[in-house]
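Trainee: Take a look at the following structure, please.
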Amino acid sequence: MHTPLFSRREMLRSSACGFGYLALAGLCAKQSAAATTSVGPLAPKVPLFPAKAKRVIFMFHQGGPSHVDTLDYKPQLAVDDGKAPGDTGFYKGGNRKLMKSPFAFEQHGKSGLPISSLLPNLAKHADKLCLLNGMHTDLPNHPQASVQLHTGSFQFVRPSMGAWVLYGLGTENDELPGFITINPSGRVGGAQNYGSAFLPAPFQGTPIGAEGKTVGEGSIPNIQAHVPAGLQRKQLDYLQSLNRDRLAADGVNTELEGLIESYELAFRMQGAVPKVLDLKDESQATLDAYGVGGKATDSFARQCLLARRFAEAGVRFIEVATGGWDQHQNLRSALTKNCEGIDQPMAALLHDLDQRGLLEDTLVVSGGEFGRTPHVSKADGRDHNATGYTMWMAGGGIKGGIRHGATDEYGIKAVEKPTHVHDLHATILHLLGLDHTKLTYRYSGRDFRLTDVHGNVVKDIIA
Amino acid sequence: MRVRTLGIAAALVVAVLSVAARQSAEAAEPAAANSTKPDDKTGKLTTDFAHPTPAGIEHFEKKIRPVLTQHCYKCHSAAASSIKGELRLDTRDGVRKGGESGAAVVPGDSQSSLLMEALRFEGLEMPPTGKLTDEQIADFAAWIDMGAPDPRTGNGAKKKLDLASARQFWAYQLPKKPALPAVQNSEWAATDVDRFLLAAMEKQGLKPAADADKLTWLRRVTFDLVGLPPTLSEVDAYLADTSAGADAAVVDRLLASPQFGERWGRHWLDVARYGESTGKERNIPYTHAWRYRDWVIDAVNADKPYTLFIKEQIAGDLMPAANPQQHNTQSIATGFLALGPKSVNERNAEQYLMDAVDDQIDVTTRAFLATTVGCARCHDHKFDPIPTSDYYALAGIFRSTEALSGVVGRSSKGVKNDYSGELMPLTATASPSGNAKPAPAATMSKEAQTEYAKISKQLAQRREKLERLVKSVKGSATSKNAKAEAKKEYKRLTEQVERDEKALAELKAGPKPAGGAADSFAMGVRDVAQPADTEIRTRGEPEEKGAVVPRGFVQVLKSSGTPKVDPRHSGRLQMAEWIASRENPLTARVMVNRVWYHLFGRGIVETVDNFGALGEEPSHPELLDYLAVSFMDHGWSLKKAVRELVLSRAYRMSSDHDADNYAKDPGNKFFWRMNRRRLDAEAIRDATLAVGGSLDLSRPTGSPIANLSTATEIGKRGSIEDLSDAVAHHRSVYLPLIRNGMPEVLAVFDVADPSLIVGQREVTTVATQALFLMNSPLVLEQAQAAAKRVTSSTSDAARGVEAAYRLILQRPPTSDEIRLGKQFVVEYGQVVDGQVDGKTKNVSPSTDAAWTALCQTLMSSAEFRYLY
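Sequences listed follow chains E and A, in order. For what it's worth, the working numbering labels the leading residue of the first sequence as 67, then goes sequentially. For what it's worth, the working numbering labels the leading residue of the second sequence as 508, then goes sequentially.
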C-alpha cells in the first residue's frame, strides 16, 4: 500500500453517501489495535522513501554551549594558550587571547571519540554518537540563531521543523499530539520555535509546561475531563447523536464527519495523556538511572524520561530543552554545573532507548544555537561563536562513533566539511524519509521549504 | 473557506504525485538529462545537449544556479563592476565560450572542464572566498557530465519587461461593466448578481438550490454581518414581519449596528497582520496598536469610502485635515505601516530597516492589490511581471518613511535590552475622543520606568508572600498566637501591596499633563527629513547596493494618470493615489472579491491574496468585473456592496445537498447552493458568551497590552501570561493579540497568525477544539449561565429543551429533539445522583448539572459551529 492517503481521499471524494469517513475510521481501528488511525490532517503518511528514523528527540541547549570544552577536542588550543589567534574568523583583531579548555579530554569507546571530563556518562555511549564538529550558523545572536535552528529562518516567520515533520509524516498515535515540546522558553522566539506559521494549525507543537516550571506540572490545555469519564461519555453520546442527525440531514459533509471523529479522539486523549505524563509506573531503578530526584539532574531527567515515554507512544517530534549556557563569565563553574544537569539524563535516555529497541528508529539530536569562542577577552568566559560549533546526533540511521566536519585548529571556524543549520535540517528530514527539496507547502503564491533554497544532506554520517 | 480536513490531503496528494514524477525522472539521471535519440546513420544513441530534459534543468536550477548566483556572479556576470578574466557565468553562452583561459565547461566531460579544476582548487582556486563543499563540487561535475543543461538564453543583459504584453493578463486590465447575461429561468434571479450566477449555472446544467427557510437566513445574515447570533427578540420580530421589506429591514439594522464594524473590521485586521507586539525573536509589546484597531472598526462603521480607507492607512499623516481631530484620526490609520512584526534584536541597522520596508511593501501590495511584490526583493518576480527595480522603487518610498512603533531596533545607538522607542504624538484636541486615554508605559520617562520595574518586582514578591501566608494558615491548625501573628502580618502585607499598586498606577499615569499638551500617542509613520531614492540590493543583501532606482510604483499596474512621486516627500501620498484609483485594475476587484469570500465562503478568485499568475483565475470573471465597477460607482461603499450581496437570491439559497448538481459540480464552484461555513474563532467565542448572557457589547478602553512596558520582553518569565481577563466578557476583537501568544480560544479555532497576511483563514477540525468545548472554563461557565436562563424561564422539561434550542441554536426543536433532550436531562441527572431506581428530584444539583450539560452539548454541536 504505497499511497493509502490517495486512495482514502479518492474514496471519500467519490463516496455518495457521507459515511465513508467514519466507516473507514472504524475499519482502521479494528485493523490496528495498538494505535488508532487518525483520519484528519494528522493521518500517518508514508514517507517519500524508506526512512531510517521514525521520530526525533531534539535536545535544545539554549545559550550557546561551549564546544571546545565539551565535544570539540582542540589540542593546539592548549599549546597556544594565551597567544592571539590572529585575524581568524568572526572576531577580527582585538585583544582576544586563546584560552585552553580547563577540562581534560579523553578518548572513549572503540571509536576513541575525544570527549571532555564534563560529560563522563555521555562518553560511555561514544560509539553511538556522531559529533558534528563543523556546525555553523548565520548569526551569533541568541534569538536569531535559536529561531533559525528551529525554523530555518530568522528573518521571516516560518514553520518549525517539528511542524514540517508532522506535515510530512502525520502522527502514529492520535491519542497524543504529534509534536510535543516540553518546558519551552517564552523567549528567543517563544512559540515561533514550535509554531506552524503558514502550515495549518494542527501541525504546530503542543507545549507541555513552560521554562522554569516543574516538569510534569503543566499539561495539555483542557485535557482534564471536568466530570468523571462515565458522565462525560453519557453527554458525548447525546452530542454525537445530534451530530449524526445533522450529518444525515446534510447528505454529504465530510467536515462534519471529521468533527464527529474529533470528539472521539478528544475523549481518548483525555485517557491517554495523563497516563503518559505520569511517571509512577517507572521503576525506581529507571528513575535513578535518569537522575530523577537528583539535585542537579532532576529537571532534565524528567524531560528525558518523558521524551522516551512519548517516543514509545509514537509521538513524531519531541523537543526537550535546557537554558543558561551563555557563559561569558564563570565558565568553569557554570559549565560544570550545566553539564552535570544534562550528562546523566542524556546518557540514560540513549541507554534506555537502546534497550527498548527504540534507538534504531529514533533520531536523537542535541546542541545549542551556536558555540563559544576559544579566544577570549575575559579570564573565565567565552563569547558567542556562530562560525564553528558542535552538535551531536545518535540513533535512527546515524553512524556512531564518528566526528564529521571540523573547525580550525583552535575551534573558531568550521573549515572541514562545514555543516550549516540548513544542512542539519535537510539531513534530519532525509533520515525521516523526507526530501527537503520536495517537502513543500504552497503559501502566498509560492512553494516553501524548511530549507528555503539551501541545504545539503550530510550523507557521510548516514549509516 | 479552505477546509483543512480535506484540503491538506488534496495538497499532499498533489505533492506526492509530483514527487513521484520527479523521482522517476531523477532515477534516470544523468543519461536522461538530455534528450537521447538514435543516430540516423549508426543507430547508436547520441545525446542531444542542445535540448536538455526537465530533469536536467531541474538539476541546474536546484544545484547549480543558486551556487553560481551566490559565489560567482559578483565577478562573473553582467552585474559585476568589472568582469574578471573575461568570464561570464550568468549566461549559457558565457559558460560555454569561457574567458581568458578558455572554455569553462566541456559539456559531457567534467574531467576536461576548466571550471572543475578551479572548483577543486587545482591550479585556479575558485571561488576565492573558499572552496565549495564536496557535495557542491560533485553537483557541478554531475551537471557537466550530463551535458551542462542550461536554460539561460540571451546575453545576460536585463530582459526588458514587455509591459504591453504583460498587461494582457486578465487581472491587469481595467474592469469593464459587462452586459447582463441572458438566462432561461426568468423567475429565479432577484438581482443582477443572481443573473450572472444563474447564467453560469445554466451553462453547466446546474439548478440553483431552493431558498433557505427564514430562520436559517436570519442566523446566516446576522453572523455574517455582525458576528453574533440573532437574539430571541430579533428572531421573533423577523418572523412576525411578513412585509416585503422584512429582509431589507434586518440587513439595514445590522449594517447600522456598531457590531458590523467589529465584525468586518476584524476581517481587515487579518490582512493588515494586526498584532500587539513585535513577535519574532524578542517579543516587545506594541502598547498603542489598539488605536489602529479602533480606527479600522470606526472607519468600517462610518462606511468610509474604500479609497479614503486606503489613503489614510498609507498616507493619512500627509493628508490635509480640517482640524486636529481629523489629523489625529488620519495619522492613527498609518499604524497600518508601523505595526508589522519586527526583529528588534537585529544588530545590522541596514538589515533591520530593509526588513521593515519589506514588511511594508508586502502588506501594502498584498492587502490592497493581492500582488506579491515581496517576491521581487532578491530577484525579478519569477511569475509576475514585477522586476526587482519595481520593488526598490517602492522601497525608496518606505525608506523615506519612518515608523514610529514605540520600539527601536538593537542597532540603534545605546539600545541594549530596553527597546522602547518613539511613538507618534497625537495633537491635543479640545475634547479628547472617548478613547484617547493615554496608554501609560511607553510615555514614561526612563527614570520612571526604572522605578516602575523596581516596584513591580517588589510587588510581585509581596504578593507571593501574601499567598504563602494565606496557604500556610489555611493548611494547618495553628495556635491562637500564631494566628494573631499571621493576621498582623497579613494586614501589613496587604497595606504594602496596596501602596505599591497605587505607586505603580501613578507612575503609569505619568506627570499630569499641563493644559493642552499632547497627552496621547499612537503608532504611525512620518516622512524622514530627507526623502531619497534607494539602491537595488543584489540578492536582497542589504549591504550589496546596485543602481539607484527612482521612487515609483509597480509598472505593470501604472496608467497614464498615475501620479509622479513628489521628490520633496516620501511619495506615500502618490502611492495612496495610485492604489486608491479607478485606474488601478486590481484595487476594486480585490476588495469585492474579499467581500464575496466572506459572504459566500469562497472567493470568485479563490486565492484572495494572490491575483497573480500563480493565483486562481476568477470562476465568474464578468461577475467580478460587475461587482468591481458597481463598487466604484457606488462611492466605494463597503456597506452598499455587502447589502447588495446579502439581499440577492443567491445568498438566500439553502445549503442542502443535491445529488444532480453535486454530480456535476461537487466543489460548488458555480455557487448552486450556499456553502456551509464554520464560524470563525471570534464568532464562536462571542456566540458562546452571548448565549450565556455574558457578552459585554461595549468597547473596552484601549487594550490590556497598553499596560505592559516596552522595557520588558514578553515571555521573559517562561510562559506568556494570558492578559485576556481584563476583557473576558468583551467581544473577541478586543482580546489582546500578542504575536506568538494568542489567546487560547482564538488559537484553537484557527485565528489568523498576526505575523502573516491572511485573507483566508484555515479551517481545521481537530481534537483540541473538542477538548476546548468539553472542558474549558469558558464553555463550562457559559453553559451554566445559559442553563440558568433556561431553567429560570420554565420548570417544564419540554419547554426547557425548547428554550435551550431557541437560545443556543435560534430555532425550535423538533418533537424528537424534545424527547431526546428530556431523556438526556433525566438520565444525566440520574448518573450524577448515582441513582439507579429511576427516581429524580425536581430541583437539585443533579438537574442543574444536567441542564448545564444539555446547554453545553448544544453549544458544542456541529449546528452551533456551522452556518447553514
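Don't be surprised by glycine CBs; every beta carbon is placed ideally from N, CA and C.
Considering only residues of the region 627–679 of chain A, which uninterrupted alpha helix (DSSP H) runs meet the minimum length of 4 residues and lie entirely inside it, listed in chain order?
Mentor: Entirely contained in the region 627–679 of chain A, the alpha helix (DSSP H) runs reaching 4 residues are, in chain order, 641–652, 670–673.
Trainee: Arg508(E) by DSSP, collapsed to three states: which one?
Mentor: Strand.
Trainee: Taking any Cβ of chain A, which residues in the region 305–330 of chain E have a Cβ under 9 Å from it, in chain order?
Mentor: Going along the region 305–330 of chain E in chain order, one finds Leu305, Ser307, Leu308, Asn309, Asp311, Arg312, Leu313, Ala315, Asp316, Gly317, Val318, Asn319, Thr320, Glu321, Leu322, Glu323, Gly324, Leu325, Ile326, Glu327, Ser328, Tyr329, Glu330 with a Cβ nearer than 9 Å to chain A.
Trainee: Skipping 5 residues on each side, what residues in its chain have a beta carbon closer than 7 Å to that of Ala192(E)?
Mentor: Correct list, in chain order: His174, Gly175, Ser177, Leu179, Ile181, Gly467.
Trainee: If you run the structure through DSSP and keep just helix, strand and coil, what is Phe1256(A)?
Mentor: Three-state result, Phe1256(A): coil.
Trainee: In chain E, which residues lie less than 7 Å from Asn790(A) when you measure between Cβ atoms?
Mentor: Gly256, listed in chain order.
Trainee: Note down, in chain order, all residues in the region 263–295 of chain E with a beta-carbon under 7 Å from any beta-carbon belonging to chain A.
Mentor: Per Cβ criterion, the list reads Ala263, Phe264, Pro266, Ala267, Pro268, Ala276, Glu277, Gly278, Lys279, Pro287, Asn288, Ile289, Gln290, Ala291, His292.
Trainee: What do you get for Glu238(E), buried or exposed, if any count of 16 or more other CB atoms within 10 angstroms of its CB means buried?
Mentor: The residue in question, Glu238(E), is buried, as its Cβ has 16 or more Cβ neighbours within 10 Å.
Trainee: To which residues of the same chain is Ala1120(A) closer than 6 Å at the C-beta, ignoring the five residues directly before and after it?
Mentor: Cβ neighbours of Ala1120(A) beyond the five flanking positions: Phe890, Asp891.
Trainee: Can you give me the Cβ contacts of Ala856(A) inside the same chain, cut-off strictly under 6 Å, excluding the 5 residues immediately before and after it?
Mentor: Cβ within range, chain order: Ser918.
Trainee: Going by the DSSP bridge assignment, what does Ala117(E) pair with across the sheet?
Mentor: The partner list for Ala117(E) (beta bridge, DSSP) is empty, contrary to what the question assumes.
Trainee: By the 7 Å beta-carbon criterion, what residues does the region 1238–1250 of chain A contribute toward chain E?
Mentor: Under the 7 Å Cβ criterion, the region 1238–1250 of chain A contributes Asn1247, Gly1248.
Trainee: Taking 8 Å as the CB-CB cut-off, is His1164(A) touching chain E?
Mentor: Yes, His1164(A) counts as interfacial toward chain E.
Trainee: Quick one: residues in its chain with C-beta nearer than 7 Å to the C-beta of Leu18(E), no 5 flanking neighbours on either side, listed in chain order?
Mentor: Since the first residue of chain E shown is 67 and the last is 529, residue 18(E) is not available in this structure.
Trainee: Start and end of the alpha helix (DSSP H) containing Phe1138(A)?
Mentor: Segment 1128–1140, the alpha helix (DSSP H) holding Phe1138(A).
Trainee: How do the region 714–730 of chain A and the region 1149–1163 of chain A stand: do at least 3 beta-carbon pairs fall below 8 Å, yes or no?
Mentor: Taking 8 Å as the limit for Cβ pairs, the verdict is that the region 1149–1163 of chain A does touch the region 714–730 of chain A.
Trainee: What does the alpha-carbon distance come out to for the pair Leu639(A) and Gln577(A)?
Mentor: Approximately 11 Å between the Cα atoms of the pair.
Trainee: Closer than 9 Å by beta-carbon distance: list the chain A residues that pair up with Met459(E), in chain order.
Mentor: The contacting residues do not exist; Met459(E) stays about 18 Å from chain A at best.
Trainee: If you check the beta carbons only, do Tyr781(A) and Val851(A) fall under 8 Å apart?
Mentor: Going by C-beta atoms, Tyr781(A) is not nearer than 8 Å to Val851(A).
Trainee: List the residues that DSSP assigns as beta-bridge partners of Glu1309(A).
Mentor: DSSP, once it has assigned bridges, lists no residue as partnering Glu1309(A).
Trainee: Any idea which residues DSSP pairs Tyr455(E) with across the strands?
Mentor: According to DSSP, Tyr455(E) bridges with Met201(E).
Trainee: Please list the partners that Arg515(E) has in chain A, where partner means a Cβ-to-Cβ separation under 9 Å.
Mentor: In chain order: nothing, as chain A lies at least about 11 Å away.
Trainee: Could you tell me the alpha carbon to alpha carbon distance between Cys94(E) and Val1255(A), rounded to whole angstroms?
Mentor: Residue confidence is low: Cys94(E) scores 30 on pLDDT, short of 50, so the model does not pin down where it sits. Its coordinate-derived value is still stated next. Cα to Cα, the separation comes out at about 27 Å.
Trainee: I'd like to know whether the C-beta atoms of Val733(A) and Gln766(A) end up nearer to each other than 8 Å.
Mentor: It is a contact, given that the beta carbons lie within the stated cut-off.
Trainee: Does the CB of Gln173(E) have a neighbour CB from chain A at under 8 Å?
Mentor: Judged by the 8 Å Cβ criterion, Gln173(E) is not in contact with chain A.
Trainee: On the premise that Asp347(E) lies in contact with Gly357(E), defined as a C-beta separation below 8 Å, what is that separation, rounded to the nearest angstrom?
Mentor: Between Asp347(E) and Gly357(E) the Cβ distance is about 18 Å, and since that is not below 8 Å, they are no contact.
Trainee: What are the residues in the region 106–140 of chain E lying within 9 Å of chain A by C-beta distance?
Mentor: Listed in sequence order: Gly106, Pro107, Leu108, Ala109, Lys111, Val112, Leu114, Phe115.
Trainee: Nearest to Phe1178(A) by alpha carbon, out of Leu1154(A), Ile791(A), Ser1126(A), Ser1144(A)?
Mentor: Comparing Cα positions, the closest option is Ser1126(A).
Trainee: Is the Cβ of Pro573(A) closer than 8 Å to any Cβ of chain E?
Mentor: Output row for Pro573(A): interface = yes.
Trainee: Counting Cβ pairs, one atom from each stretch, are 3 or more of them under 8 Å apart for the region 872–879 of chain A and the region 1031–1043 of chain A?
Mentor: These segments do not touch.
Trainee: Beta carbon of Ser1239(A), beta carbon of Asp1203(A): below 8 Å?
Mentor: Against a cut-off of 8 Å, the Cβ pair of Asp1203(A) and Ser1239(A) comes out as no contact.
Trainee: Using only CA atoms, which one of Gly463(E), Asp449(E), Leu516(E) lies nearest to Leu164(E)?
Mentor: Taking only the C-alpha atoms, the option nearest Leu164(E) is Asp449(E).
Trainee: Let's test the definition: count the other Cβ atoms within 10 Å of the Cβ of Gly130(E) and tell me whether it reaches 16, buried, or not, exposed.
Mentor: So Gly130(E) ends up on the buried side.
Trainee: In the structure shown, what three-state DSSP assignment does Asp699(A) receive?
Mentor: Helix.
Trainee: Output needed for Ala117(E): all residues of its chain with C-beta closer than 6 Å, excluding positions within five of it in sequence on either side, in chain order.
Mentor: Taken in chain order, the residues that qualify are Leu498, Gly499.
Trainee: Cβ of Val1063(A) within 8 Å of Cβ of Asp1040(A)?
Mentor: Against a cut-off of 8 Å, the Cβ pair of Asp1040(A) and Val1063(A) comes out as no contact.
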